[in-house]
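Enquirer:
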Amino acid sequence: MTTSTQAETTAAPAPVAVLGLGLMGHALAAALLRAGHPTTVWNRTAAKADDLVAAGAVRADTPAAAVAAAPLVIACVTDYDALHTFLDPVDPAALGGRTLVNLTTGTSAQARDTAAWAAGRGLTYLDGAIMATPQGIGTAEITIVVSGPRAEFDRHTPALRSLAGDTPYLGADHGLTSLYEMAIVGLMWSILNGWLQGAALLGTAGVSVADYTAIAAKGIQTVADWLPGYAGQIDTGVFPPDDATLDIHRAAMAHLVQESESLGVNAEFPALIKSLADRAAAAGHGGEGYPVMIEEFRRPAPRPA
Ligand code: NAP
656 MTTSTQAETT AAPAPVAVLG LGLMGHALAA ALLRAGHPTT VWNRTAAKAD DLVAAGAVRA
716 DTPAAAVAAA PLVIACVTDY DALHTFLDPV DPAALGGRTL VNLTTGTSAQ ARDTAAWAAG
776 RGLTYLDGAI MATPQGIGTA EITIVVSGPR AEFDRHTPAL RSLAGDTPYL GADHGLTSLY
836 EMAIVGLMWS ILNGWLQGAA LLGTAGVSVA DYTAIAAKGI QTVADWLPGY AGQIDTGVFP
896 PDDATLDIHR AAMAHLVQES ESLGVNAEFP ALIKSLADRA AAAGHGGEGY PVMIEEFRRP
956 APRPA
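Each residue of the sequence shown is one higher than the last, beginning at 656 in this note's numbering.
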């Protein structure tokens, strides 16, 4: 993965068309307008464009009219099915020569299929994923990851940088953005669920979530600091127990399950974590370091007997 640098250009901001003006699409169009891009907008429910038009955007009455208005088309709608609902009927001759940056959330297979669909119409395709909420769009702090043809990514970097301060290019495989997006939301939910488990546990002793969170945030940072070393272990396939063995982790997991159950707190999440670790230990990895658990994540769960 490489990170684009801030484009040093004196060229006027390029025209952009935005398809989809839900919470996210509206924020994208507003950020492009603020950055000075001539912006054409289309949404199924036309009224969602009203304030953008008042701020200087041009309203397109149809997706085809929006695509005709700009060489760069940014789409952000509920899902890929919605995208194809309104783009499939557009005359391929109108799509040819345009670049579509699709910021809709979907699977890697949908992204790759849409790249093949676009290629059949002479439409250049970049797939993107937004690692932020609409409130962050147009700020330096947020990240939008992009995959697809490198030359097109480079060509449209100035417009992308009007949307996000960080726009890492992931590679030519269009599916990479979806895989990164799924990886990051999975990480987010794991952290949130672990934090909620702790809040429920400490709540039984009357500890406020604010007090707990001050210490929990440091714990999250500590774990984040382990990751580069652990990544090296996974990449080399060697898992020395430099800090603790998986068996030591399993003993602590048993305490977490027991503590949760005895306090009447939901124990499903820690029990799931322990069941994965128990399987790794049963396969002979109890004396190795925690990242050896990757083997449990690389294969489907065994079918119940
Ligand atoms: P949203 O507010 O619900 O907006 C959905 C958009 O999709 C609207 O413009 C809607 O049009 C359009 N749409 C749905 N079905 C359609 C169809 N059949 N034909 C034409 N247009 C259709 O959702 P959002 O929050 O903007 O999210 C949009 C995408 O961004 C999603 O893929 C989401 O996962 C992704 N995303 C969102 C966030 C976030 O924090 N919101 C963060 C990262 C990624 P109408 O207005 O006519 O209904």
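Cβ coordinates follow ideal geometry from the N, Cα and C atoms, glycine included.
In whole angstroms, what is the alpha-carbon distance linking Ala773 and Pro823?
Expert: Between Ala773 and Pro823, the C-alpha separation is close to 22 Å.
Enquirer: Alpha carbon to alpha carbon, how far is Ala723 from Asp746?
Expert: Ala723 and Asp746: Cα-Cα distance of roughly 11 Å.
Enquirer: According to DSSP, is Pro668 part of a helix, a strand, or is it coil?
Expert: DSSP places Pro668 in coil when its eight states are reduced to three.
Enquirer: Considering Tyr885, what are the terminal residues of the alpha helix (DSSP H) in which it resides?
Expert: That run of the alpha helix (DSSP H) goes 864-891.
Enquirer: Specify the secondary structure class of Ala709 as computed by DSSP and reduced to three states.
Expert: Residue state, collapsed to three classes: helix.
Enquirer: CB-CB under 6 Å to Leu758, same chain, minus the five flanking residues each way: which ones, in chain order?
Expert: Closer than 6 Å at Cβ, skipping near neighbours: Cys731, Gly783, Ile785.
Enquirer: According to DSSP, simplified to helix, strand and coil, what is Gly941?
Expert: In this structure, Gly941 counts as coil in the three-state DSSP scheme.
Enquirer: Since Val878 and Tyr835 should fall inside the 8 Å C-beta cutoff, what is the C-beta to C-beta distance between them, to a whole number of angstroms?
Expert: Between Tyr835 and Val878 the Cβ distance is about 20 Å, and since that is not below 8 Å, they are no contact.
Enquirer: Considering only residues of the same chain and omitting the five flanking positions on each side of Ala899, which have a CB-CB separation below 8 Å?
Expert: Answer for Ala899: Gly944, Tyr945, listed in chain order.
Enquirer: Taking 6 Å as the cut-off, does the CB of Ile797 come closer than this to any heavy atom belonging to the ligand NAP?
Expert: No, Cβ of Ile797 sits at least 6 Å from all heavy atoms of the ligand NAP.
Enquirer: Excluding the 5 residues preceding and the 5 following Val920 in the sequence, name in chain order all residues of the same chain whose CB lies nearer than 7 Å to its CB.
Expert: Cβ neighbours of Val920 beyond the five flanking positions: Ala855, Leu856, Thr859.
Enquirer: Going by DSSP in three states, His910 sits in which element: helix, strand or coil?
Expert: In this structure, His910 counts as helix in the three-state DSSP scheme.
Enquirer: Look at Pro718 and Phe741 and say whether their C-beta atoms are less than 7 Å apart.
Expert: Taking 7 Å as the Cβ cut-off, Pro718 and Phe741 qualify as a contacting pair.
Enquirer: Quick check on Ala681: buried or exposed, where buried means 16 or more other Cβ atoms within 10 Å of its Cβ?
Expert: Looking at the sequence itself, residue 681 is His, so the reference to Ala does not match. Buried, because 16 or more other Cβ atoms sit within 10 Å of the Cβ of His681.
Enquirer: Out of Leu815, Ala748, Leu901, which has the shortest C-alpha to C-alpha gap to Ala795?
Expert: Out of Leu815, Ala748, Leu901, Leu815 has the C-alpha closest to the C-alpha of Ala795.
Enquirer: Rounded to whole angstroms, what's the CA-CA distance from Ala710 to Leu688? Just pull it up for me.
Expert: Going by the C-alpha atoms only, they are around 8 Å apart.
Enquirer: How is Ile785 classed by DSSP in three states: helix, strand or coil?
Expert: It is a strand residue.
Enquirer: For Gly826, write down the residues that DSSP places opposite it in a beta bridge.
Expert: Paired residue(s): Ser802.
Enquirer: Measuring CB atoms only, is the stretch 666-677 touching the stretch 696-703, in the sense that at least three cross pairs come out at less than 8 Å?
Expert: Because the criterion of three Cβ pairs below 8 Å is met, the stretch 666-677 and the stretch 696-703 touch.
Enquirer: Once DSSP output is grouped into helix, strand and coil, what is the label at Val745?
Expert: Correct three-state label for Val745: coil.
Enquirer: Using the Cα positions of Gly752 and Thr733, report the straight-line distance between them to the nearest angstrom.
Expert: Each residue's alpha carbon lies about 25 Å from the other.
Enquirer: Give the range of the beta strand (DSSP E) segment to which Asn921 is assigned.
Expert: First-last for Asn921: undefined, no H or E at that position.
Enquirer: For Ala737, tell me which candidate among Thr769, Ala684, Ala871, Asp706 has the shortest Cα-Cα distance.
Expert: If we check each option's Cα against that of Ala737, Thr769 comes out closest.
Enquirer: Kindly indicate which three-state DSSP category Val756 falls into: helix, strand or coil?
Expert: In the structure shown, Val756 sits in a strand (DSSP, three-state: E or B).
Enquirer: Taking 7 Å as the cut-off, decide whether the C-beta atoms of Val912 and Pro896 are in contact.
Expert: No. Outside cutoff.
Enquirer: Using a threshold of 6 Å, is the CB atom of Gly675 nearer than that to any non-hydrogen atom of the ligand NAP?
Expert: Gly675 Cβ: within cutoff of the ligand NAP.
Enquirer: Just checking Val732 against the ligand NAP - is the residue's beta carbon closer than 6 Å to any of the ligand's heavy atoms?
Expert: Correct: Val732 has its Cβ closer than 6 Å to the ligand NAP.
Enquirer: Going by other Cβ atoms of all chains shown within 10 Å of its Cβ, with 16 needed for buried, is Leu707 buried or exposed?
Expert: By the neighbour-count rule (16 or more Cβ atoms within 10 Å), Leu707 is buried.
Enquirer: Skipping 5 residues on each side, what residues in its chain have a beta carbon closer than 7 Å to that of Ile846?
Expert: Cβ within range, chain order: Ile875.
Enquirer: Would you check whether the ligand NAP has a heavy atom nearer than 6 Å to the C-beta of Phe924?
Expert: No - the ligand NAP has no heavy atom lying nearer than 6 Å to the Cβ of Phe924.
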